[in-house]
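Residue numbers (the numbering used here), protein chains in the order written: chain A, 1 to 762; chain B, 1001 to 1322; chain C, 2001 to 2188.
We put the CB at the ideal spot given by N, CA and C, even for glycine.
This one's a predicted model, so the numbers in the text were calculated from it and none came from an experiment.
Written out below as structure tokens is the structure these notes cover.
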Amino acid sequence: MEYIQTRRNFLKVATTSATASVFLPGSLGALGDIALKGEDKFVRSICEMCSSRCPMEARVINGKTVLLQGNSFSSDMGTSLCAKGVAGASQLYDPQRLVTPLIRMGKRGENKWKEASWDEALSLISTKLSALKERYGARSVIFSSKTGEQYDLLRSFASAFGSPNIFSHWSSCPIAIESAFKHTFGEKLHRDFEEATFILNFGHNLFEGLDIPLTKAMAHFSANPSKKLVVLDPRFSIIASKANEWYPIKPGSDLAFILSLLHVWIRDGKYDKKFVENYTIGFDHLVKSVKETTPQWQQTFTGIDAKVVERLASEIYTAAPKCIIDWGHKATTTKAEYQRTRAILMANILMGNVEKEGGIYFTKSAERVNALAKEEVVPELNNPYPRPQVNEPRIDGAGEMGAAYRFVSKQHGVLTTIPEAILSQTPYEIKGWFLTRHNPLITVANPQKMKEAMEHLDFIVVNDIYLSDTAMMADVVLPEATYLERNEGISTLTCKAPSYAMRNRIVEPLHHNRSAIEIIRELAERMGLGSHYAWKTISELRAYQAKGNAELLQTLLLRGIASFDVPPLFVREPSSVERFCDHYAQSKTWVDKEGCMSHFLEHLKTPSGKIEMYCAEIEQAFSGYGVTGIVEMDVTQGFPYILTSGKSAVHTNGHTQNVPYLHMLLSSNPIWMHPSTAKAHGLKMGDTFYVQNSIAKEKATVFITEGIRPDTLFAYMGFGHDAPEMKRTHGEGISSSKLLSLESATLCGAMITNVGVNILRA
Amino acid sequence: MSPMWGSVAQYSTIHWSWAIAIYLFLAGLSSGSIIVALLVKWNRHERSNSSIWDAMIKAGAVVAPIAIFFGLLILVVDLGRPLSFYWLLIRYNSTSVMSLGVLFLLIYTPIVVVFMLLVFERSVMKNSFLAPLEGFITMVKSFHSYAKMIEYFLFAAALCVGSYTGFLLSALYAIPLWNSPLLPILFLTSSLSSGVAVNILIGLLFFKSTINTESIKYLLVLDTRVILTELPLLGLFFIGLFYAGGDAPNAAKMALTEGFWAGIFWLGVIGVGLGLPLITVIVALRSHVYRVGYVVINSMVVILGVLMLRYYIIYAGQIYLG
Amino acid sequence: MEKQYRLLYDENLCIGCQACSVACRVENDVPDDFYRVQVHMQTLGTFPNLGMKYERLSCVMCENPPCVSVCPTKASFQSKDGLVHIDERSCISCQYCILACPYHARFVNPLKNVVEKCNFCYETRVSKELLPACVSICPTNALTFGDMRQSSSLVHQKSQKEVLVFPKAHLGTKPKVAFIPNRKGAKS
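Structure representation (structure tokens):
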């Protein structure tokens, strides 16, 4: 164990070994002894060990360690926090963390760096980006980040800079869901797990991809003998083990299953006819589309017996409207992802659970609540990250008429188009890339090609806490402060009722770390873009967002969250509406004769203002996609096995594999294989073998288990880091991304994480 | 499900290792040796100095204190915190066999040293090296009148020491292979056999006695008797485990058939420790060839077998938990 | 009034996320690669008729603790409220207690060279009327802890409603930790 041996001497780095520079210059370990500067009383903040961003609180003890737990001011949280959240301290004082800006010496990827001052680093970035803008145009620089505050600022910066090429992680995660919702409801909805009595789950593994409030609700749901959870997943995951019924559905075939459910409900007239009639358009198109998608038909795709479909359709209808057909969190299972997700939304609509307790509901944002209450009940926030218009097409053609990605948001783009765009210089040259909170060489398909493309760039900047695989390719690496060291702005936590949260610093930055917000804001200043912003420092940012509301800021500083005693509102539940009206008398004007606020559902952000089962605009551009229906869903590409991937409860994508406490728990990802498959290939537990397809051939170890379909393999994603400075996890496990194709799902541009493979003996 | 809970090494660590095995052996050797020496002392008829019986008594008087001294030394050094061992002497727990063992040893050890001094009284007095101890020896001489009582007391203390090591292990119901009422008896018998063997060995090698064929024959038969007591005891021990509840049958089965330690049991304990001496004796008795060499080698082999039994029980108990 | 503590581990709510393991590590300064608490999972049955066993491995705070009866220096002792503690001063690390524990709950702390185990976070939490770290942190409330003598306590109420299994009860250790067995899936 070359890392921390004791907690009490935790940062007395083991420099007893004679080998020179055990730690990379610029890393925390190279600094020796550091005490934490923070207070020994709870400070409330927001976790960032994953992007669930649960409200948490933390306390520094003896200047040496940080105790982390849930922020109980949020009743959904209590004091709960997951393993990763609690391990935040382990990440904070990991000697392998970056603490000083680095500038590349030697060749790209050679791992030769010199430590630089912030002035030097930012000056270099500013000069280089300006030069690229001068020579190739601002569009030649792409910007990417995972969504969140830093993305909001980066997007704003990119626009101010003049580049249209801002990418979020959406196309590697939820973009299909976001698109489907946008076209159906105008925005994304939430799920009321607490009150539902039947949940049909398509692999939404809340027990390994945790979000504390949702995980807690789902745990209590599944432990409740009077409620029913049905899980469809090719793997016997943790959530599958908590289900009343688990069906090992063939990977990528969810669409067939859902279409057959829709068929049965429509065939038997078992759906909420009134709701469909009053609040939706395009139902006739749906009827036509699912005419042939019978339970018998779906059986050939999914492997699930037709009788199961009939029975479940009946059970769900009986439970309606307190039922949820869960669309998941990440949607990357097949090329047909968009139609799959649309079909799930149709299922919910037919069951009439929209704006019903135990069903699905719209965000009750501050703006919405204030509009309904006809008074300013909840303070609204300013947007501190302006986005000046950029009139340039993106490299992926997102949002452009006639383009394949016409319906992909210009704010998010399609990540899988980047390598080819750079290599073939179409539609124009790309010369630079600025990344923060993003590690595409681990998380995006075909990182081999992405790396090759990155070699062709003139200038790459990466802002990260570790010298990750992506950071290795950079010209300048900036040492992001971990979330425990950051003060950030106000974020919105709203679901059934409005609430805000704020990230407050728990400890002073350990060395020269800075938050992305500080970095990008200063960069904007240096590049003459500072005038776009109404704020300079974090304090000013917060004050601006809160519109100077000192009370709100004070609450957020002390409690980490602010809620406003607004009763949860379901506009189709008379009791809920009544309670809302008791609080806000003027809202009574919205109430119709059934005691509901039906007006709400007639003024959605869709072209028709109603729920759109059929979108004419989409049908025009993509024939057959206007309504959900049968489309090609195969993921095997002719290979005999399908490699799937997913999350583990102790790791977050590619982020945490090097964190000491988490590495201790799970350090590699042996591939799950059914005993009969292993036997057929002469493999025993722990044996090495190759997973191969037309994209790559990767070495792996086998984990033999009954918990997976014989034709399917599974690997926890995020492993297979090559970065040498991530010493613990370096070289451990397999990167499933290396086997994934850059072909994305139709219409929505989602990456596809189920892929056909072969098994080869080592 | 993929193991994502971290290392499980702490659940299969061997906590009591070679040092404990050797201690148990030495404690058994010491007590067995002194018991055999006392029995011989009480039952012999001649008073000839150079007979094998006298040699055996002398051997016991020397081996017992030395063995227990080294045994206790190994024990203390092997502790996780050797410098804290004094807590054993100031705090006692009446339910802890280990604590009781400390008490027995506190009584046994000084008495066995006194016995040694009494047996070698004349040599001690003659030896100028030990002259400074003259005052002490004079005091010891004054005990001479109580010699018989001391010997009875010593016998009782030795029995306690010899059997407590068995109870030390059998008290742990968490370890199926140890949790048998037969283990203390097995250990005591095995200690006695090691006592017989070491007394013969040291007696023949160091206390230069003449030995006639009658004596050799007698000793070989004595050896056989002890082995023939041990073998059935071992058998009963394992049969008992097979009929016990819980994890015991499984643990016993694995301990006899799997891995390195099963090999140690069959080859070492049974083969070398019991089978080989038995064969030697039968061959010798059959062909009426009574060489001193046979007796010496037999003794060494028996002692080795006893050591291997301790090793086997200690390791197999911790490895094969059923 | 003396307390009668009980810890309930509900296999139905436990998702094996190891939050308890990490929280315990931080709270109690547990040495790297050693665990005072671990949750193991095992897939049972044959595809597709499967079940998952969840098991919490930690000290079960016996009322009849074999680790206390075997300790020669009384370093392993039971307090008035029935909890088993370790006095680091008088522990000589003879490891007899580790062998005596049928639940494999104890281990030698390699940094301090004394024996260590879960102690319900007594010093830092339970003695101050707070919940142990694992109970407090659990994302799904799978752990319930409290005084059985208070009929209003969660642990008392839950004990009345649920089937309780006391691990290795046949040994007579009378553990204070009880499991609520899994109701779903294949059981073997």
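According to DSSP, residue i sits in a beta bridge with which residue or residues?
i, result
"B/N1199", "Looking at the DSSP assignment, B/N1199 forms no beta bridge with any residue, so it has no partner."
"A/A562", "A/Y500"
"A/I324", "A/I199"
"C/G2051", "C/L2044"
"C/Q2078", "C/V2084"
"C/C2062", "C/P2175"
"A/S145", "A/T436"
"A/Q692", "A/K697 and A/N758"
"A/S27", "A/L98"
"A/V702", "A/I671"
"C/L2206", "One cannot answer for residue 2206 of chain C here, as it falls past the ends of chain C, which runs 2001 to 2188."
Have a look at residue i and residue j and give me their C-alpha separation to the nearest angstrom.
i, j, result
"B/P1181", "C/G2045", "38 Å"
"B/F1120", "B/A1156", "22 Å"
"C/C2091", "B/S1099", "13 Å"
"C/T2073", "A/G29", "42 Å"
"A/E407", "A/R342", "A small correction: the amino acid at residue 407 of chain A is Phe; Glu does not occupy that position in the sequence shown. Spanning the two alpha carbons is a distance of roughly 14 Å."
"A/Y500", "A/E540", "18 Å"
"A/G609", "A/H599", "10 Å"
"B/L1307", "B/M1254", "21 Å"
"A/L478", "A/L523", "12 Å"
"A/S744", "A/T416", "7 Å"
"A/Q150", "A/E452", "27 Å"
"A/W672", "A/T753", "16 Å"
"A/I490", "A/I212", "20 Å"
"A/S168", "C/E2123", "47 Å"
"A/K133", "A/V99", "29 Å"
"C/K2168", "C/T2144", "20 Å"
"A/N9", "B/G1028", "Because A/N9 sits at a pLDDT of 34, beneath the cut-off of 50, its placement in the model cannot be relied upon, and the point is left open."
Taking all protein chains shown into account, decide if residue i is buried (16 or more other Cβ within 10 angstroms of its Cβ) or exposed.
i, result
"A/H583", "exposed"
"B/M1149", "exposed"
"A/H183", "buried"
"C/K2184", "buried"
"B/N1212", "exposed"
"C/L2083", "buried"
"A/D192", "buried"
"B/H1144", "exposed"
"A/T482", "buried"
"B/V1292", "exposed"
"B/K1141", "exposed"
Name the two residues that bound the continuous beta strand (DSSP E) containing residue i.
i, result
"A/L102", "L102 to M105"
"C/N2109", "F2107 to N2109"
"A/I490", "I490 to T492"
Tell whether a beta-carbon distance below 9 Å holds between residue i and residue j.
i, j, result
"A/H285", "A/M613", "yes"
"A/T729", "A/S667", "yes"
"B/I1314", "B/L1169", "yes"
"A/T688", "A/Q339", "no"
"C/Y2035", "C/S2021", "yes"
"B/A1021", "B/R1310", "yes"
"A/F157", "A/I520", "yes"
Alpha helix (DSSP H) containing residue i: first to last residue?
i, result
"B/M1308", "V1292 to I1319"
"B/A1252", "A1248 to T1257"
"A/D464", "No alpha helix (DSSP H) holds A/D464; the beta strand (DSSP E) holding it covers F459 to D464."
Between residue i and the ligand FAD, is there a pair consisting of the residue's CB and a ligand heavy atom that are separated by less than 8 Å?
i, result
"C/L2171", "You won't find the ligand FAD in this model; it holds no ligand whatsoever."
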